[in-house]
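Enquirer: Handing you a structure now.
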Amino acid sequence: MNVDTLTHAIVSGMNAGLEQFLEGTLAAMLPVIWLALLGLHLGRPYILDMIDRFTLRLGADLLWLIYIALRDILIISGVVMSFMFLFPDVVSTDQLPLTGGFAAVLLFAVLLIKLMGDPDHNLRDFRLVTWLLAVGALFYFVPYLFGVMFNQVATGQLLAVSQFLVSNTNATWAVAIGYITTALFAIMGAIAVGYVLMTGGRAEVPETTSK
Amino acid sequence: MNPNDVQTAITNSLVQGGSQWLIATIVAFLPVLWTMALMLHLGRPYVLRTLRRCGLRLGADIWWMSYLLMRDALLLITFGLSWFFFEPNIVAGMALPITGSLAALFLLLSLAVKLSRRVDDDVNAYRLSTLFLVIGATLYYGPLVFAVEANSQSYLSGFTAAFTSSSNVTVALVLMWISLAGVALVAAWLFVRALMSANRSMGRRLKKEKTEVVIGATGGGE
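In order, the protein sequences belong to chains E and X.
Following our numbering, the numbering of the first sequence begins with 1 at its first residue and continues without gaps.
Following our numbering, the numbering of the second sequence begins with 1001 at its first residue and continues without gaps.
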């Protein structure tokens, strides 16, 4: 072994290790983001109740704006951080929840409904968003809890189930789900772009007052 | 191998590895920025709907300003971080999406539309800016997902070899030089436009001030 070989080995090790560390950190942050966005979405009645108690209109406006900004930024962050589920190399190397990509798709669908509908004022849209978030959370938390976080203590049949739910021990399924996720993202992205091009970026949905 | 050799190897690794890690991290972070920028740009109807419901002008102004700042700053930062797609050594030496430089050019075109026309008032300008942004994002995402991040998939090996910069250096460098020329042209146009606009507006102001001084002097004389 000479200096060049050793240098090359250390560089490769550093890059591979740090990449996996970064992806692992993102994967560890995602459950926190999911919990926070679910909490904020489900906490809507509490916020509305608080807004009614404000005596000053400015305070009520600011509370509502901060609430929706936080809630929606968390949803966007969830989609963005789930981008790694689209990369075949990443899902077949790292320990990720098998259906994390589907969870990201449902989060993206929530954003699409927010863009084209009005979940804050239309009951049907709000219900749809709530269902999508609930199913998305199941798609993320079930394989995360019973796969990624369970495979070291599980035995027998449970171990087989656990390994099935982790992307790098079920790479064929994980890559296939990755491709389906990519296709769904592309379709929904195209719908969003089509809608925005048609409306020219204007708010087109008529005002409704039912809450 | 003696301790000096190991020391040299570790030093070289930290320098080379650190540089590669930094670039690789930016490459990994760029899809995040692209996606955030796209979402904020496409989310304009939602932001406007929220804005309409603000009871007070102050809340609406804060909301709109925050949105504009975040959206446009993200576009600018994404273009800034895409700069290494125009550095030949990096394009040839690292596995990058081969059309990354073209994506950066389209991002700059979208920014140029924003700078030259009132995108938030002119529907057609908004549509043009959106189109540039979507083309740029597609040029970035496609090779990233199916080439750079799909090395492990043997059935994609042809696509991977063709669309990764380090394995198709000639095409990557040609695309890079073409994009660089495009960036230079757009930048020169923006420079000339900014200069002419400043000359026009400042000239008008100076002329107005001069007229006021003359009127003042004439009035004082009477």
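Just so you know, even glycine gets a beta-carbon here, dropped at the ideal spot from N, CA and C.
1. Three-state secondary structure (DSSP) at X/E1222?
2. Does E/F150 have its Cβ less than 8 Å from a Cβ in chain X?
3. In three-state terms, what does DSSP make of E/V166?
4. Taking 8 Å as the cut-off, does the region 164–174 of chain E touch the region 81–91 of chain E (at least 3 CB pairs, one atom from each stretch)?
5. Reducing DSSP to helix, strand and coil, say where X/G1216 ends up.
6. Determine the burial state of X/I1077: buried for a count of at least 16 other Cβ atoms within 10 Å of its Cβ, exposed for fewer.
7. Check whether the Cβ of X/Y1140 lies closer than 8 Å to any Cβ atom in chain E.
8. Who are the neighbours of E/F139 on chain X, taking C-beta pairs under 9 Å?
9. Are the beta-carbon atoms of E/V80 and X/T1160 separated by less than 8 Å?
10. Once the 5 residues before and after X/S1165 are set aside, which same chain residues still bring their CB inside 6 Å of it?
11. Determine the DSSP secondary structure at X/P941, reduced to helix, strand or coil.
12. So, is the C-beta of X/N1002 closer than 8 Å to a C-beta in chain E?
13. Look at X/V1145 and E/F87 and say whether their C-beta atoms are less than 8 Å apart.
14. Let me know the secondary structure DSSP gives E/T182 once reduced to three states.
15. Do we get a CB-CB distance below 8 Å when we pair E/S92 with the residues of chain X?
16. If we cut at 8 Å on Cβ distances, does X/T1008 have a partner in chain E?
17. With DSSP run on the structure shown, which of helix, strand or coil describes X/T1025?
18. Can you tell me whether X/S1129 is buried or exposed, with buried defined as 16 or more other CB within 10 angstroms of its CB?
19. Are the beta-carbon atoms of E/L115 and E/A192 separated by less than 8 Å?
20. Going by CA-CA distance only, name the one from X/S1201, X/M1001, X/G1182 and X/T1011 that's closest to X/L1105.
21. Grab the span of the alpha helix (DSSP H) containing X/T1160 for me, first residue to last.
22. Note down, one range per segment and in chain order, each alpha helix (DSSP H) of at least 4 residues found wholly within the region 108–160 of chain E.
23. When the cut-off is 8 Å and only beta carbons count, does E/F83 lie next to chain X?
24. Got a sec: which bits of the region 42–65 of chain E sit with their beta carbon under 7 Å from any beta carbon on chain X, in order along the chain?
25. Going by DSSP, what residue range makes up the alpha helix (DSSP H) through E/P31?
26. Listing by chain order, which chain X residues have their CB less than 8 Å from the CB of E/T169?
27. Would you call E/W64 buried or exposed, if buried means 16 or more other Cβ atoms sit within 10 Å of its Cβ?
28. Per DSSP, which one or two residues make a beta bridge with X/P1097?
29. Measuring CB atoms only, is the region 1057–1067 of chain X touching the region 1133–1148 of chain X, in the sense that at least three cross pairs come out at less than 8 Å?
30. Using C-beta distances below 8 Å, list every residue in its chain close to X/W1189, excluding the 5 sequence neighbours before and after it, in chain order.
31. Within the continuous alpha helix (DSSP H) that includes X/N1124, where are the two ends?
32. So E/F139 and E/F102 are supposed to be a Cβ contact under 8 Å. How far apart are they, rounded?
33. With which residues is E/P97 paired in a DSSP beta bridge?
34. Sorted by chain position, which residues of the same chain lie with C-beta nearer than 8 Å to E/S210's C-beta, five sequence neighbours on each side aside?
35. Are the C-beta of E/D89 and some C-beta of chain X separated by less than 8 Å?
36. Quick check: what's the CA-CA separation for X/A1150 versus X/D1072?
Expert: By the coordinates alone:
1. Here residue 1222 of chain X is taken as the residue at index 222 of the second sequence, counted from 1. Confidence at X/E1222 is low in this model, with a pLDDT of 44, below 50, so the placement of that residue should be treated as unreliable; the coordinate-derived value is given next. Three-state DSSP puts X/E1222 in coil, outside helix and strand.
2. In the first sequence, counting from the first residue as 1, residue 150 of chain E sits at position 150. With 8 Å as the cut-off, E/F150 does not count as an interface residue toward chain X.
3. As a working mapping, residue 166 of chain E is identified with position 166 in the first sequence. Here DSSP, grouped into helix, strand and coil, assigns E/V166 to strand.
4. yes
5. The count along the second sequence starts at 1 and reaches residue 1216 of chain X at position 216. Of the three classes helix, strand and coil, the one that applies to X/G1216 here is helix, per DSSP.
6. For the purposes of this step, residue 1077 of chain X is taken as residue 77 along the second sequence, with counting starting at 1. So X/I1077 counts as exposed.
7. Translated into the one-based positions of the second sequence, residue 1140 of chain X becomes position 140. Taking Cβ atoms only, chain E never reaches closer than 8 Å to X/Y1140, which makes this a no.
8. One-based indexing of the first sequence puts residue 139 of chain E at position 139. Chain X residues near E/F139: none, gap ~19 Å exceeds 9 Å.
9. Start at 1 with the first residue of the first sequence, and residue 80 of chain E comes out as number 80. Start at 1 with the first residue of the second sequence, and residue 1160 of chain X comes out as number 160. No; because the gap between Cβ atoms is not below 8 Å, this pair is not in contact.
10. For the purposes of this step, residue 1165 of chain X is taken as residue 165 along the second sequence, with counting starting at 1. Excluding sequence neighbours, X/S1165 sits near V1091, L1096, I1098 and A1172.
11. Absent from the model: residue 941 of chain X. The displayed extent of chain X is 1001 to 1222, so no value can be given.
12. Indexing the second sequence from 1 puts residue 1002 of chain X at position 2. Not one chain E Cβ lies under 8 Å of X/N1002.
13. To locate residue 1145 of chain X, count along the second sequence from 1; it is residue 145. To locate residue 87 of chain E, count along the first sequence from 1; it is residue 87. Yes, the Cβ-Cβ distance between X/V1145 and E/F87 is below 8 Å.
14. For this step, residue 182 of chain E is matched to residue 182 along the first sequence. Helix at E/T182.
15. Counting from one through the first sequence, the residue named residue 92 of chain E turns up at place 92. It does; some Cβ of chain X falls within 8 Å.
16. Here residue 1008 of chain X is taken as the residue at index 8 of the second sequence, counted from 1. Yes, X/T1008 lies at the interface with chain E (some Cβ there is under 8 Å from its Cβ).
17. Residue mapping note: residue 1025 of chain X aligns to position 25 of the second sequence, counting from 1. In the structure shown, X/T1025 sits in a helix (DSSP, three-state: H, G or I).
18. The sequence position of residue 1129 of chain X within the second sequence is 129, counting from 1. Counting Cβ neighbours within 10 Å, X/S1129 comes out buried, since at least 16 surround it.
19. Sequence index remark: in the first sequence, residue 115 of chain E carries index 115 (1-based). Sequence index remark: in the first sequence, residue 192 of chain E carries index 192 (1-based). The answer is yes: Cβ separation under 8 Å.
20. Sequence index remark: in the second sequence, residue 1105 of chain X carries index 105 (1-based). When only C-alpha atoms are compared, the closest one is X/G1182.
21. Within the second sequence, numbered from 1, the residue matching residue 1160 of chain X stands at position 160. Segment S1157 to F1163, the alpha helix (DSSP H) holding X/T1160.
22. 123–143
23. Position 83 of the first sequence, counting from 1, holds the residue named residue 83 of chain E. E/F83 counts as touching chain X.
24. Listed in sequence order: R57, L58, D61, L62 and L65.
25. As a position in the first sequence, residue 31 of chain E is number 31, starting the count at 1. According to the DSSP assignment, E/P31 belongs to the alpha helix (DSSP H) that extends over V3 to L42.
26. Within the first sequence, the letter at position 169 stands for residue 169 of chain E. Listed along the chain, the chain X residues whose CB falls inside 8 Å of the CB of E/T169 amount to none; the nearest CB is some 15 Å away.
27. Mapped onto the first sequence, residue 64 of chain E falls at position 64. A residue is called buried when at least 16 other Cβ atoms come within 10 angstroms of its Cβ; E/W64 meets this threshold and is buried.
28. Position 97 of the second sequence, counted from the start, is the residue given in the question as residue 1097 of chain X. Answer is X/T1164.
29. no
30. Taking the first residue of the second sequence as position 1, residue 1189 of chain X is located at position 189. A1112.
31. Within the second sequence, numbered from 1, the residue matching residue 1124 of chain X stands at position 124. Start and end: V1123 to P1143.
32. Against the first sequence, residue 139 of chain E aligns to sequence position 139. Against the first sequence, residue 102 of chain E aligns to sequence position 102. Indeed they touch by this definition, with Cβ atoms about 5 Å apart.
33. Working through the first sequence from its first residue, we reach residue 97 of chain E at position 97. Beta-bridge pairing links E/P97 to E/V166.
34. Counting from one through the first sequence, the residue named residue 210 of chain E turns up at place 210. Only weak support is given to the placement of E/S210: the predicted model assigns it a pLDDT of 45, under 50, and the value that follows is read from those uncertain coordinates. H121, N122 and L123.
35. As a first step, residue 89 of chain E must be located in the first sequence, where it is residue number 89. Cβ-Cβ to chain X under 8 Å: yes for E/D89.
36. Here residue 1150 of chain X corresponds to residue number 150 of the second sequence, with the count starting at 1. Here residue 1072 of chain X corresponds to residue number 72 of the second sequence, with the count starting at 1. If I take the Cα positions, the gap works out to 31 Å.
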